[in-house]
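**Student:**
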Amino acid sequence: MSTFEYAPAPESRAILDLRASYGLFINGQFVSGNGTPFKTISPATEEVLAEISEANAADVDAAVRAARTAYTRVWSKLSGADRGKYLYRIARILQERSREFAVLETLDNGKPIKESRDVDVPVAAAHFFYHAGWADKLEYAVHGANPRPYGVVGQVIPWNFPLLMLSWKIAPALAAGNTVVLKPAETTPLTALLFAEVCQQADLPPGVVNIITGAGATGAALVEHPGIDKIAFTGSTGVGKAIARSIAGTRKKATLELGGKAANIIFDDAPIDQAIEGIINGIFFNQGHVCCAGSRLLVQESIADEVDARLKRRLKHLRLGDPLDKNTDVGAINSGAQLARITELVAAGEAEGAQRWDTGCPLPEKGFWFRPTVFTGVSQTHRIAQEEIFGPVVSVLTFRTPQEAVAKANNTPYGLSAGIWTEKGSRILWMADQLRAGVVWANTFNRFDPASPFGGYKESGYGREGGRQGLAGYIVTGKSA
Amino acid sequence: MSRVEVKKTYKLYIGGAFPRSESGRSYEVSDTKGRFLANAAKGSRKDGRDAVVAARKAQPGWAGATAYNRGQVLYRVAEIMESRKSQFVEEVRAAEGLTPARAGAVVDAAIDRWVWYAGWTDKYAQVLGSINPVAGPYFNISGPEATGVVAALAPQRSSLLGLVSVVAPIVVSGNSAVVLTSRDRPIPAITLAEALATSDVPGGVINLITGDPAEAAPWLASHRDVNALDLTGVAGTDLDWAQLEAAAAGNLKRVRRPALDGLTAIEEDWLPTPDLSRLESFLETKTVWHPKGR
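Heads up: the protein sequence lines correspond to chains Y and B, in order. Heads up, this note's numbering is the position in the first sequence plus 248, with the first residue counted as 1. Heads up, this note's numbering is the position in the second sequence plus 40, with the first residue counted as 1.
1) Against B:ARG294, what residues of chain Y qualify as contacts under a CB-to-CB distance less than 7 angstroms, listed in chain order?
2) Have a look at B:VAL328 and Y:ARG331 and give me their C-alpha separation to the nearest angstrom.
3) Given a threshold of 16 other Cβ atoms within 10 Å of its Cβ, counted over all protein chains shown, does B:PHE76 qualify as buried or as exposed?
4) Could you work out which residues of chain B lie near Y:GLN717, taking near to mean beta carbons separated by less than 7 angstroms?
5) Buried or exposed: where does Y:THR251 fall if 16 or more other Cβ atoms within 10 Å of its Cβ makes it buried?
6) Between the segment 368-380 of chain Y and the segment 331-348 of chain Y, are three or more C-beta pairs nearer than 8 angstroms?
7) Does DSSP put Y:ASP697 in a helix, a strand or coil?
8) Under 8 angstroms, do Y:GLY497 and B:LEU303 count as touching if we go by C-beta distance?
9) At least one CB of chain Y closer than 8 angstroms to the CB of B:TRP281: is that the case?
10) Please classify B:MET41 as buried or exposed, where buried requires at least 16 neighbouring CB atoms within 10 angstroms.
11) Starting from Y:ARG379 and walking both ways along the alpha helix (DSSP H), at which residues does that stretch end?
12) Looking at chain Y, is there any beta carbon in it that lies within less than 8 angstroms of the beta carbon of B:ALA186?
13) Rounded to the nearest angstrom, what separates B:ALA192 and Y:GLN548 at their Cα positions?
14) Report yes if the CB atom of Y:GLU686 is closer than 8 angstroms to the CB atom of B:LYS326, and no otherwise.
15) With distances taken from CA atoms, which of B:SER198, B:LEU201, B:SER216 and B:GLY251 is nearest B:ARG223?
16) With three or more beta-carbon pairs closer than 8 angstroms as the criterion, would you say the segment 171-179 of chain B touches the segment 187-206 of chain B?
17) Using only CA atoms, which one of B:ALA235, B:ILE306, B:ALA299 and B:ARG318 lies nearest to B:ILE123?
18) Rounded to a whole number of angstroms, what is the C-alpha to C-alpha distance between Y:GLY711 and Y:PRO701?
19) Check Y:THR354 in the structure and name its three-state DSSP category.
20) Could you check what DSSP says for Y:LYS287 in three-state terms: helix, strand or coil?
21) So, with DSSP's three-state summary, where would you put Y:GLU759?
22) Taking the beta carbon of Y:LYS509 as the centre, do at least 16 other beta carbons fall within 10 Å, making it buried, or is it exposed?
23) Which one of B:ALA229, B:ARG225, B:LYS293 and B:LEU279 has the shortest CA to CA distance from B:GLY74?
24) Kindly indicate which three-state DSSP category Y:ILE459 falls into: helix, strand or coil?
25) What residue range is occupied by the uninterrupted alpha helix (DSSP H) comprising Y:ALA339?
26) Taking the alpha carbon of B:LYS86 as the point to measure from, which residue in B:GLY244, B:GLU62 and B:VAL241 has its own alpha carbon closest?
27) What is the DSSP secondary structure of Y:TYR705, reduced to helix, strand or coil?
28) Can you say whether Y:HIS565 is buried or exposed, counting buried as having 16 or more other CB atoms within 10 angstroms of its CB?
29) Apply the 10 Å Cβ neighbour rule to B:ALA348 and answer buried if 16 or more other Cβ atoms are within range, or exposed otherwise.
30) For Y:ASN512, report the span of its beta strand (DSSP E) as first-last.
31) Hey, Y:MET413 and Y:THR503 are a contact pair by Cβ (cut 8 angstroms); roughly how many whole angstroms apart?
32) Should B:VAL146 be flagged as near chain Y, meaning a C-beta pair shorter than 8 angstroms?
33) Let me know if B:ASP315 comes out buried or exposed under the rule of 16 or more other beta-carbons within 10 Å of its beta-carbon.
34) Looking at B:TYR53 and B:ALA233, is the spacing between their C-beta atoms short of 8 angstroms?
35) Considering only the alpha carbon of each residue, which of B:LEU284, B:PRO258 and B:GLY276 lies closest to B:GLU308?
36) With DSSP as the reference, label Y:ASN659 as helix, strand or coil.
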């Protein structure tokens, strides 16, 4: 029997109007940074996409001052209803320009176009739409008296969901009445800079949103700037701890959305076909570059062989390659540095005695790629069962009883998310009570919504994003200082 | 001839028992006029660590008890305190140098605070939780739950009302507490421990350590098995709250900062009825998703 091959179905780049270089977005204008410019590349091809300004300490200071002036003179004087209308405008412009954002995100990040098109961009727009409606209802969002914004918020976001993380940060901050200085990740600055154009199109008052580009030094300068009232950070637990230390003893508050090592727990009565899809979505979505990824698969012993066989059969049908191709399931690893980290941890997994399996699919010659990989025979002490890999690698462990599943799932300093697959409702609710994780997906995985709070226990950070609980992180209550 | 009074030995309260400090030390406690009151146990950092072990052991059972049950237990604390009110009034008067009338008002407020928080055990989740209308066929619910073991520095001045105002919101939701009491005014705390021990609060849920908080506080702040840190009681001590908060970053403890004037810790006024912010300081939000389908 002949096999029908997929024909290439690349999304066109013609919709983009890429500039050769980008400045910083401060006080409503693009200005040159005073640091050392750097290049952003497409991780799928290593093609240079644009040159990006680096913000040095003086640029960070200028951005924070612009945000303060905008807060004092303009944004804090607007009614909540008018703030909300700006956010509605932004939501609409994101929807109107959604294809452009999706193509640019895929190009700069390496994620499949079907994900940027169907998840990142629409959910980003939804975040602005959701939070727009909160702007004139703050007194319903929190319980304390006299709800009001912090003032100027410094925000630092990672490279795995560049536009989506931007929207998680900026939408609630602005709805509550804060102004922001946001730093995107150095490998994925382009959609944030395109978002700056959206702010211009929406006539958002200058200085309400400022975007500064750069790497860790720029982020540290932002976090340590005395003009910042509140910090919101998504990224590694290591950097999160450094931020917590650096703001200790000050009046700055922080929301930290950090790493994870989620257990995805499969019971023997689980709907097995759905569970297999859930496992794959849980760890191979976005190449596993997801803090809440289901990177530890806990399978009940009685079905371990069946799950193993079905999982590997299904993985062989994943299509890895050109992220702009609409049929691509697995895109490029975001950077050479991340590829090196994944490669190192996978080597450690083998060295420690776990059995490695991958799909064996061909990899493109240029760019950064890693095959979907499954480790079996993993014990809890292995590095691949303890450390966040942030790549398309799943570690499989087994359990016999629900109690053992809970003990293993909770045996990590992280506590961001967890998955449960079983048809037994009472067991789902019991498990959900026992798991020390901020988000529990039962018979589903990796679902996100602006109305649904997201965030971790323990060393996965503190504070929530999304929903009323997330908005509360941008609101102060009680007596004025 | 008057009878010779039987004096009490004041000890720590750890894991539901009343041990002396493992260090074998005690220190002199005086009233505000400098008159000797008693020798109190001088808790050490090892006592602090033992208390964390006891608190960790007790926490799942306390959090797993029904909210109704926790509410009754905490209400029972108020009942027991009421029955020993004259003793509390006398001790608060001696510790804080208050008039009998003023001390009575403070003890009344402390008892009423337990009643106020006891009523919250089965309500805070309704007030702080939510059903979330997500854009898809999913049931999505968010509820608050206890963060785990909380280390707390109790206020230095307000020996009973301040202590209760710090401890009650920690344990309402199912956290357990390791509390460093007021250094100079520890006696009402030990009498509170006796009330706790006779009011069905499971051993280990509330642990009280008298002594100099400067000894154990840095170790609790950096302790890997403590989930949150309440710095309220740094006001009036030489402790640097910035250092304690920085130490807490090692395992990302949730930190409740002291009340501040500028960056200086101050002790707040404990008489007004509180809001929910203390209770909220030691909660985690858990969100659960499940598909809907036929």
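Heads up, the beta-carbon is just placed ideally off N, CA and C, and yes, glycines get one too. Predicted model only: the values in this text are computed from it and were never measured.
**Tutor:** On the basis of the coordinates in this document:
1) Translated into positions along the second sequence, residue 294 of chain B becomes position 254. What B:ARG294 touches in chain Y: TYR710.
2) Your numbering for residue 328 of chain B matches position 288 in the second sequence. Your numbering for residue 331 of chain Y matches position 83 in the first sequence. C-alpha separation (whole angstroms): 31 angstroms.
3) By 1-based counting over the second sequence, the position of residue 76 of chain B is 36. So B:PHE76 counts as exposed.
4) For the purposes of this step, residue 717 of chain Y is identified with residue 469 of the first sequence, where counting begins at 1. What Y:GLN717 touches in chain B: SER182 and THR325.
5) Taking the first sequence and counting its residues from 1, one reaches residue 251 of chain Y at position 3. It is exposed - the Cβ of Y:THR251 has fewer than 16 other Cβ atoms within 10 Å.
6) The count of Cβ pairs closer than 8 angstroms, one atom from the segment 368-380 of chain Y and one from the segment 331-348 of chain Y, reaches three, so the stretches are in contact.
7) Stepping through the first sequence from its first residue, residue 697 of chain Y is reached at position 449. If DSSP states are grouped into helix, strand and coil, Y:ASP697 belongs with coil.
8) Counting from one through the first sequence, the residue named residue 497 of chain Y turns up at place 249. Counting from one through the second sequence, the residue named residue 303 of chain B turns up at place 263. Yes. Within cutoff.
9) One-based indexing of the second sequence puts residue 281 of chain B at position 241. With 8 angstroms as the cut-off, B:TRP281 counts as an interface residue toward chain Y.
10) On the second sequence, position 1 is the one that residue 41 of chain B refers to. Exposed, since its Cβ has fewer than 16 Cβ neighbours within 10 Å.
11) Position 131 of the first sequence, counting from 1, holds the residue named residue 379 of chain Y. According to the sequence displayed, residue 379 of chain Y carries His and not Arg. For Y:HIS379, the enclosing alpha helix (DSSP H) has its first and last residue at 369-380.
12) As a position in the second sequence, residue 186 of chain B is number 146, starting the count at 1. Residue contact with chain Y for B:ALA186: absent (no Cβ-Cβ distance below 8 angstroms to any residue of chain Y).
13) Taking the first residue of the second sequence as position 1, residue 192 of chain B is located at position 152. Taking the first residue of the first sequence as position 1, residue 548 of chain Y is located at position 300. In this model, B:ALA192 and Y:GLN548 are separated by some 41 angstroms (Cα to Cα).
14) Along the first sequence, read from residue 1 onward, the residue named residue 686 of chain Y stands at position 438. Along the second sequence, read from residue 1 onward, the residue named residue 326 of chain B stands at position 286. The question names Glu, but residue 686 of chain Y is Gly in the sequence shown. With contacts defined as CB atoms closer than 8 angstroms, Y:GLY686 and B:LYS326 qualify as a contacting pair.
15) On the second sequence, residue 223 of chain B is found 183 positions in, with the first residue counted as 1. The alpha carbon of B:ARG223 has as its nearest neighbour, out of B:SER198, B:LEU201, B:SER216 and B:GLY251, the alpha carbon of B:GLY251.
16) Cβ pair count under 8 angstroms is below three, so no.
17) Walking along the second sequence from the start, residue 123 of chain B turns up at place 83. Note on identity: in this sequence residue 123 of chain B is Ser, with Ile being the wrong assignment. With respect to the C-alpha of B:SER123, the residue from B:ALA235, B:ILE306, B:ALA299 and B:ARG318 having the closest C-alpha is B:ALA235.
18) As a working mapping, residue 711 of chain Y is identified with position 463 in the first sequence. As a working mapping, residue 701 of chain Y is identified with position 453 in the first sequence. Y:GLY711 and Y:PRO701 have their C-alpha atoms spaced approximately 9 angstroms apart.
19) Working through the first sequence from its first residue, we reach residue 354 of chain Y at position 106. Shown here, Y:THR354 sits in a helix according to DSSP, grouped into three states.
20) Stepping through the first sequence from its first residue, residue 287 of chain Y is reached at position 39. In this structure, Y:LYS287 counts as strand in the three-state DSSP scheme.
21) Past the boundaries of the shown model lies residue 759 of chain Y; chain Y is included only from 249 to 729, so the question cannot be answered.
22) As a position in the first sequence, residue 509 of chain Y is number 261, starting the count at 1. It is buried - the Cβ of Y:LYS509 has at least 16 other Cβ atoms within 10 Å.
23) On the second sequence, position 34 is the one that residue 74 of chain B refers to. When C-alpha distances from B:GLY74 are compared across B:ALA229, B:ARG225, B:LYS293 and B:LEU279, the shortest belongs to B:ARG225.
24) Numbered from 1 along the first sequence, position 211 holds the residue referred to as residue 459 of chain Y. In the structure shown, Y:ILE459 sits in a strand (DSSP, three-state: E or B).
25) Taking the first residue of the first sequence as 1, we reach residue 339 of chain Y at position 91. Unbroken alpha helix (DSSP H) run through Y:ALA339: 328-344.
26) Taking the first residue of the second sequence as position 1, residue 86 of chain B is located at position 46. The closest CA to that of B:LYS86, considering only B:GLY244, B:GLU62 and B:VAL241, is found on B:GLU62.
27) Along the first sequence, read from residue 1 onward, the residue named residue 705 of chain Y stands at position 457. Correct three-state label for Y:TYR705: coil.
28) One-based indexing of the first sequence puts residue 565 of chain Y at position 317. Exposed, by the Cβ-count rule.
29) Outside the shown range of chain B, which is 41 to 334, sits residue 348 of chain B, and nothing can be said about it.
30) By one-based count along the first sequence, residue 512 of chain Y stands at place 264. In the DSSP annotation of this structure, the continuous segment of the beta strand (DSSP E) that includes Y:ASN512 starts and ends at 511-514.
31) In the first sequence, the residue the question calls residue 413 of chain Y occupies position 165. In the first sequence, the residue the question calls residue 503 of chain Y occupies position 255. Rounded, the Cβ-Cβ distance is 12 angstroms, inconsistent with contact.
32) The count along the second sequence starts at 1 and reaches residue 146 of chain B at position 106. Not one chain Y Cβ lies under 8 angstroms of B:VAL146.
33) Counted from its first residue, the second sequence places residue 315 of chain B at position 275. Per the 10 Å Cβ criterion, exposed.
34) Here residue 233 of chain B corresponds to residue number 193 of the second sequence, with the count starting at 1. Here residue 53 of chain B corresponds to residue number 13 of the second sequence, with the count starting at 1. Closer than 8 angstroms, so yes.
35) Within the second sequence, numbered from 1, the residue matching residue 308 of chain B stands at position 268. Closest by alpha carbon: B:GLY276.
36) Here residue 659 of chain Y is taken as the residue at index 411 of the first sequence, counted from 1. Here DSSP, grouped into helix, strand and coil, assigns Y:ASN659 to coil.
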